[in-house]
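Residue numbers (the numbering used here), protein chains in the order written: chain W, 14 to 212; chain R, 1165 to 1342. Backbone N, C-alpha and C define an ideal beta-carbon position, used for all residues, glycine too.
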Amino acid sequence: MMTKDEALAALAACRTNEVVVTTMGTVRPWAAHSSHELDFASADSAMGHAADLAIGIALAHPARKVVCLNGDGSMLMTLGTLVTAVANRALNLVLFVMQNETYEITGNQPIPGAGHVDYATMARAAGFARAYSFDEATTYAAALPEILRLEGPTLVALRVAPGREGPLGREGKETAAYLRLSARDEVRRFRGAITGSAG
Amino acid sequence: MPGARAILEILKRQAVTDVIGLPDNSSAALFTLMIGDATVKVRPVTREGEAFALAAGLWMGGRNPILLIQNTGLLESGDAIRGTVVRMRIPLVCLVTYRGHAKMMKTLGRAPDAPDAELLSRSDVDSIGPVTEPTLKAWGIPFDFLHTDADLPRLEAAFQSARKQEAPVAVLVTEDTT
């Protein structure tokens, strides 16, 4: 098992021009590693739908990799999304499942299926081109450049230790820059950034 | 009955790029037409809640999507609607086929303002009908109706309204598309 920070630090080290969509327990920790203009926090509840939002961005920009840092509790809420990603040929989607096996935001209560659900196997069964499981940071970090380079859709399940993230909001006092604007303004900032960016 | 071809022409005039949703019997003709048309991309989902978040992502990426779902799927999507397109003020036109409308109009004559358990358990009422409009009102989503081809200007107006208000707008399709 790795820490969430080890997982995110390795991704931040490899990241170039990919979109990164965070949600729930990865929102603030990712912002500690990145303030890229193509970061977006799916932080307005609608739990489970960050991956759907990432698919939409991926379909709009098929030449650019779109990384979604999903949680396992969120993934379980919309397992059909795995099929949707394949059916829509979101070949540039890299869907991470941070597998801490708890609802971290609400105090680390266990999620259903904790300890035995295999997300990589489910992704393969749904038709994902690539699916990986890692529980050791060094092996994962070594594989990351290839994971980000190859065509997907790709799922990466990471066994991470539970953290201590609290509820999310969008307020000016937030340390994470991408939480300081309202949802309305943040989606327009992102839209301007990605449509004006050279892919 | 609204003609699928006339609806598709409006979508093209409005520069719609993607239609996300799930077919039902009322939208079947329109879905079939769009699948065979290269101008708009039909994006399938497994459940309607996915569609709202996927639409938000497409719009954030610079595209101009719409939704085409049944009202049962609209109700399933509650938190996705609230947490994505409403919260984010996405100018999204949602074509929603209105299951239960004909039965409701025949039995009640109008959509009730406050349906109760007595009404929703009546066997001569399809309970999705009476809850559709109150639900849209509760979510702050304005709506209009597409009954026949004569109402097609209302669909055009919905696009203008969504853009002006920077918010989702619903168009309730009460008859099967042909």
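Check: Would the stretch 1280 to 1296 of chain R and the stretch 93 to 107 of chain W be scored as touching if the rule is three or more Cβ pairs under 8 Å?
Finding: no
Checklist line | aspartate 57 of chain W: contacting residues in chain R (beta-carbon distance under 8 Å) | finding: Gly1247, Thr1248, Arg1251 and Met1252, listed in chain order.
Check: Out of curiosity, what's the CA-to-CA distance linking valine 1335 of chain R and proline 1255 of chain R?
Finding: 13 Å
Check: Got a sec: is the Cβ-Cβ distance from threonine 1210 of chain R to anything in chain W below 8 Å?
Finding: yes
Note to self: Alpha carbons only, please: which of W/Glu114, W/Gly176, W/Ile68 and W/Phe147 is nearest the one belonging to proline 166 of chain W?
What the structure shows: W/Ile68
Notebook entry, point to check: What residues in the stretch 1213 to 1236 of chain R have a beta carbon less than 9 Å from any beta carbon of chain W?
Noted result: Gly1213, Glu1214, Ala1215, Phe1216, Ala1217, Leu1218, Ala1219, Ala1220, Gly1221, Leu1222, Trp1223, Met1224, Gly1225, Gly1226, Arg1227 and Pro1229
Item checked: 4 or more residues per run - each alpha helix (DSSP H) lying fully within the stretch 127 to 160 of chain W -> 132 to 139
Note to self: Rounding to the nearest angstrom, what Cα-Cα distance links aspartate 1188 of chain R and histidine 46 of chain W in this structure?
What the structure shows: Spanning the two alpha carbons is a distance of roughly 45 Å.
Check: Are the CB atoms of leucine 1175 of chain R and isoleucine 1230 of chain R nearer to each other than 8 Å?
Finding: Cβ distance < 8 Å, so leucine 1175 of chain R and isoleucine 1230 of chain R count as in contact.
Next item on the list: Compute the beta-carbon to beta-carbon distance between valine 34 of chain W and valine 107 of chain W, rounded to the nearest angstrom, for a pair I have assumed lies under 8 Å.
Entry: No, valine 34 of chain W and valine 107 of chain W are not in contact; Cβ-Cβ is about 10 Å, not under 8 Å.
Item checked: Assumed close pair glycine 61 of chain W, glycine 176 of chain W - CB separation to whole angstroms, cut-off 8 Å -> At roughly 19 Å, the Cβ-Cβ gap does not stay under 8 Å, so glycine 61 of chain W and glycine 176 of chain W are not in contact.
Margin query: So the candidates are R/Ala1217, R/Val1289 and R/Leu1172; which of them puts its Cα closest to the Cα of methionine 1198 of chain R?
Written below: R/Leu1172
Check: What is the DSSP secondary structure of glycine 185 of chain W, counted as helix, strand or coil?
Finding: coil
Check: Of all the options R/Phe1195, R/Gly1273 and R/Ala1170, which has the alpha carbon lying nearest to the alpha carbon of aspartate 1288 of chain R?
Finding: Selected option, being the one with the closest Cα: R/Gly1273.
Next item on the list: Excluding the 5 residues preceding and the 5 following alanine 1275 of chain R in the sequence, name in chain order all residues of the same chain whose CB lies nearer than 6 Å to its CB.
Entry: For alanine 1275 of chain R, where only same-chain residues beyond five positions count, the Cβ hits under 6 Å are Glu1297.
Notebook entry, point to check: Do threonine 1236 of chain R and arginine 1263 of chain R come within 8 Å of each other at the CB atom, strictly closer than that value?
Noted result: Yes. Within cutoff.
Next item on the list: Examine chain R for any beta-carbon lying closer than 8 Å to the beta-carbon of arginine 143 of chain W, and answer yes or no.
Entry: no
Check: Nearest-angstrom Cα distance between leucine 192 of chain W and aspartate 1182 of chain R?
Finding: 29 Å
Check: What does a CB cutoff of less than 8 Å around aspartate 148 of chain W pick up in its chain, not counting 5 residues either side in sequence?
Finding: Met14, Met15, Leu171 and Arg172
Notebook entry, point to check: With a cut-off of 8 Å, does the C-beta of alanine 1244 of chain R fall near any C-beta of chain W?
Noted result: Closer than 8 Å: yes.
Notebook entry, point to check: According to DSSP, is leucine 1186 of chain R helix, strand or coil?
Noted result: coil
Notebook entry, point to check: Mind checking whether alanine 56 of chain W and arginine 183 of chain W have CB atoms under 8 Å apart?
Noted result: yes
Next item on the list: Determine contact between the stretch 122 to 130 of chain W and the stretch 91 to 99 of chain W, defined as no fewer than three beta-carbon pairs at a distance below 8 Å.
Entry: no
Next item on the list: Consult DSSP for serine 55 of chain W and reduce its assignment to one of helix, strand or coil.
Entry: strand
Item checked: Beta-carbon gap between glutamate 1212 of chain R and leucine 1194 of chain R smaller than 8 Å -> no
Notebook entry, point to check: Is there at least one Cβ from chain R nearer than 8 Å to valine 40 of chain W's Cβ?
Noted result: no
Note to self: Please list, in chain order, the chain W residues whose beta carbon lies closer than 8 Å to that of arginine 1327 of chain R.
What the structure shows: Chain W residues near arginine 1327 of chain R: none, gap ~13 Å exceeds 8 Å.
Notebook entry, point to check: Where does leucine 108 of chain W sit, in a helix, a strand or coil, going by DSSP?
Noted result: strand
Next item on the list: Under the assumption that valine 1257 of chain R contacts phenylalanine 1216 of chain R (Cβ atoms under 8 Å), give the Cβ distance between them as a whole number of angstroms.
Entry: Rounded, the Cβ-Cβ distance is 12 Å, inconsistent with contact.
Checklist line | Distance between arginine 1246 of chain R and aspartate 1201 of chain R (C-alpha atoms, nearest Å) | finding: 32 Å
Margin query: What does the Cβ neighbour count give for histidine 215 of chain W, buried or exposed, with the cut at 16 atoms within 10 Å?
Written below: Outside the modelled stretch of chain W, which goes from 14 to 212, sits residue 215 of chain W, for which no answer is possible.
Checklist line | Assigned secondary structure, serine 1235 of chain R (DSSP; H/G/I helix, E/B strand, else coil) | finding: This sequence places asparagine at residue 1235 of chain R; serine is not what is there. Three-state result, asparagine 1235 of chain R: helix.
Note to self: Any beta carbon of chain R sitting closer than 8 Å to that of isoleucine 207 of chain W?
What the structure shows: yes
Item checked: Coarse secondary structure for arginine 1207 of chain R, derived from DSSP in three states -> strand
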